[in-house]
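To keep things clear, I will list the structure first and then write my remarks on it.
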Amino acid sequence: MRFPPRSGALILTLLILPMLDGGMKARADEKKPEAVAVTKESSKSENREPFEAHVRPLLTKYCVGCHGSNKPKAGLNLEKLTDSAVALKSHKTWNKVRESLEGSLMPPDGKPHPSQDEIAALISWLERTEEKLDCTKAVDPGRVTVRRLNRSEYRNTIRDLTGVDFHADEDFPSDDVGYGFDNIGDVLTLPPLLLEKYLAAAGTIAEQAIRQEMKEAAPPKILVRKPKGPEEFQECARVVLERFSKRAYRRPVSGGEVARLLKLFNLALENGDGFERGIRLAVEATLVAPHFLFRVELFNSGRRVLKKGENSPQALPIGSYELASRLSYFLWSSMPDDELFQLAEEESLCCPDVLDLQIRRMLKNPKSRSFVENFAGQWLQLRNLKIVHPDRDRFPSFDDPLRNAMIRETELFFGSILDEDRSLVDFLDADYTFLNERLARHYGVSGVRGDEFRRVIVSPDQRGGLLTQASILTVTSNPTRTSPVKRGKWILEQILGTPPPPPPPDVPELDTDQKAALSGTVRQRLEQHRTNPSCASCHSRMDPLGFGLENYDPIGAWRDKDGAFAIDSSGTLPSGQSFQGAKGLKAVLRSKKTEFTRCLTEKLLIYAIGRGLEDSDHCFVDQIVKTLESENDRFSRLILEIVLSDPFQKRRG
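Read in order, the letters of the sequence shown are residues 1029 to 1681 in this note's numbering.
Next up, the structure:
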């Protein structure tokens, strides 16, 4: 008797679902360490009197009017800080207060401002009382999350494991996003619909993979040993399934795991199927196993022996196979290749020199294109360009070829900084970009012919760096007009790492059709809009940055006028620093190189470890940024330092 179509799904469900509980419990008992190394500048008792006598009156006088218990602006309630005991526990609140004071962001214009002596007294109190991590001592490397393969990782892993190009983005529901990325373990759940999709996909992939290997002459990925007769079925099946499951689970497999797959193989034989059909059923089971679908990091999988100085119970090195997987999914969004597996088996992957060589090798591999598409596509929000729709009546030249050219320009530009190991500052300003004829015509650049992209030197007055690329300018615009607010917010979030709070719920958006109330250029209408005190504080940070890009229309083409009005692309920051146009804006951002480097480091670390950053992670970020300054901010050094960092290399004990 042969299995009827899709009957294998029921068998697999019964066999695999009990494994989910055990497999996923690998991290359930992981607890946050009771303490991390901290130091206090002074004791609570020493600061009780200064807070209640000097600090709280300042908050009441200048801050509580907007940031009180009744509808606190930006969700910041300072009125709740009734005494020193409460105040000393509110570290995140004080970080916001300090940032606003030092950046001259608060109080907003039109409100009473504290004197310089009052500001100095408040900051001095903050410095004395702030609890800080002592980064010179053992620091918590952070928690490890069980991470389901997202759609991109699933597709790439299936390709490298079986040779089948399965379009997961067409068959699977979209992945949730956390901290700006779709590879965050906490949000990659397994809903019932997706489990059904996995079961169906496993059957399709297994069937196609076995069929391909029976027909093609290429080296097999699954059937590495074929029997000459029935007497060799068991030994050949054991060799095939042990190798396949080891690669699928990305670690050594136990005899029991292989035995379970052989049981499925023999079940197929008992029902009259042949060798290939039995292997196919076992492969199908492997592709829905938790240790394939999830990146589960077990304690007993090739753990390295602690080295001298690594004796903290809060920081243990991860296993060599887990390190290989972290590295491959970071740079390839796929499973390790044979060379990484070999280094993991030899326990040599943990050596910094070996890691440096592997990173350089991996970035030269075409599979690193996934790093460009997945990291850059989400950091720069290029993926959103696929769903924006500029008004066709106002911008008839915008079509899919232009949309695709915009995305490709930014991907090639990102890739050039990566491949050529250029300075990270080149993201902010560079003298070149990549154009084909379609995009060159859009930019007004002559001498570029054909669909092929090529490197082109550009004028620094109009182009150069990410901010002047049409992809960024279009994705931060509205369908009918530019949006200095969106463009400024994008710079704060993606370049400087200082996102503004959400807008107040009771303030309407700028309406371009309300010409009776708001008239003139977009800039003039925004300045009228900002007369609302509820809007002014945040817009004073965002709008000037966006105004610097007003010479670019909603699809990134250069313009000198907004309708009948001349463009004013000047900007003045809350600090009083002024600039003119995109060229001046780029100079301002270059002067904030450290802030940009920190922002990019934080985002790349989040992407690499698949979780949001915790307080202790900022010790590692600080060290990476400091190292980059001495290494000319090279991209390769940033990647290496992240791979060598404790959050990437270690886990809580």
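Ideal Cβ positions, reconstructed from N, Cα and C, are used throughout, including at glycine.
| Item | Value |
| --- | --- |
| 4 or more residues per run - each alpha helix (DSSP H) lying fully within the segment 1185 to 1252 | 1196 to 1199, 1220 to 1243 |
| Residue from GLU1374, ALA1237, ASN1464, THR1526 whose Cα sits closest to the Cα of ALA1310 | ALA1237 |
| Close-in-space but distant-in-sequence residues of the same chain around GLU1373 (CB under 7 Å, 5 per side omitted) | none |
| Reduced DSSP category for SER1474 - H, G, I as helix; E, B as strand; rest coil | coil |
| The segment 1424 to 1437 touching the segment 1629 to 1647, judged by at least three CB pairs closer than 8 Å | no |
| Integer-rounded CB distance, given that GLY1103 should sit under 8 Å from PRO1529 | 6 Å |
| Sub-8 Å separation of CYS1091 and CYS1647 beta-carbons | no |
| Proximity of LEU1355 and VAL1671 at Cβ, strictly below 8 Å | yes |
| Exposure label - CYS1379; buried when at least 16 CB within 10 Å | exposed |
| Residue span of the alpha helix (DSSP H) that contains GLY1599, given as start and end | Run containing GLY1599: none in the alpha helix (DSSP H); it sits in the beta strand (DSSP E), 1598 to 1600. |
| LYS1059, DSSP secondary structure in three states | No answer about LYS1059 holds up, because its pLDDT of 46 lies below 50 and its placement is not dependable. |
| Reduced DSSP category for LYS1678 - H, G, I as helix; E, B as strand; rest coil | strand |
| Residue environment, PRO1220, which counts as buried when at least 16 other CB atoms sit within 10 Å | exposed |
| Buried or exposed (CB count within 10 angstroms, at least 16 for buried), GLU1437 | buried |
| Backbone CA spacing between TYR1688 and ILE1667 [nearest angstrom] | What is shown of the chain runs 1029 to 1681, which leaves residue 1688 out entirely. |
| Neighbour flag for GLN1522 against chain C, beta carbons, 8 Å | Any reference to chain C falls outside this structure, which holds one protein chain only. |
| Beta bridge counterpart(s) of ASP1485 as assigned by DSSP | Looking at the sequence itself, residue 1485 is Ile, so the reference to Asp does not match. TYR1460, per the DSSP bridge assignment. |
| Spatial distance of LEU1413 from THR1502 (CA atoms) | 7 Å |
| Limits of the unbroken beta strand (DSSP E) element including GLN1409 | Segment: none, GLN1409 is in no beta strand (DSSP E) and carries neither H nor E. |
| Range covered by the alpha helix (DSSP H) that runs through PHE1607 | Not the alpha helix (DSSP H): PHE1607 falls in the beta strand (DSSP E), residues 1606 to 1608. |
| CA-to-CA distance, GLY1609 to SER1398, given in whole angstroms | 34 Å |
| C-beta contact flag for THR1461 and VAL1476 at 8 Å | no |
| DSSP bridge partner residues for TRP1586 (one or two, in chain order) | TYR1580 |
| Environment of THR1629 [buried if 16+ CB atoms lie within 10 Å] | buried |
| At least three beta-carbon pairs within less than 8 Å, the segment 1206 to 1217 to the segment 1247 to 1256 | no |
| Local conformation of ARG1639 per DSSP, three classes | coil |
| Own chain residues within Cβ distance below 8 Å of LEU1656, not counting five before or after | LEU1452, THR1625, THR1629, ARG1662, ARG1665, LEU1666, GLU1669 |
| C-beta atoms of PHE1481 and ASN1464 nearer than 8 Å | yes |
| Any non-hydrogen atom of the ligand FMN closer than 7 Å to ARG1420 Cβ | Inclusion of the ligand FMN in the displayed structure is not the case, the ligand content being empty and no account of it being possible. |
| Where ARG1662 sits in the DSSP three-state scheme | strand |
| Beta-ladder partner(s) of PRO1345, from DSSP | LYS1678 |
| Through-space distance from LEU1495 to ILE1523, alpha-carbon basis | 10 Å |
| Start and end residues, alpha helix (DSSP H) containing TRP1518 | 1512 to 1518 |
| Cross-strand partners of ALA1594 (DSSP beta bridge) | LYS1589 |
| Where PHE1322 falls: helix, strand or coil (DSSP) | strand |
| Buried or exposed by the 16-neighbour rule on C-beta atoms within 10 Å, applied to ARG1279 | buried |
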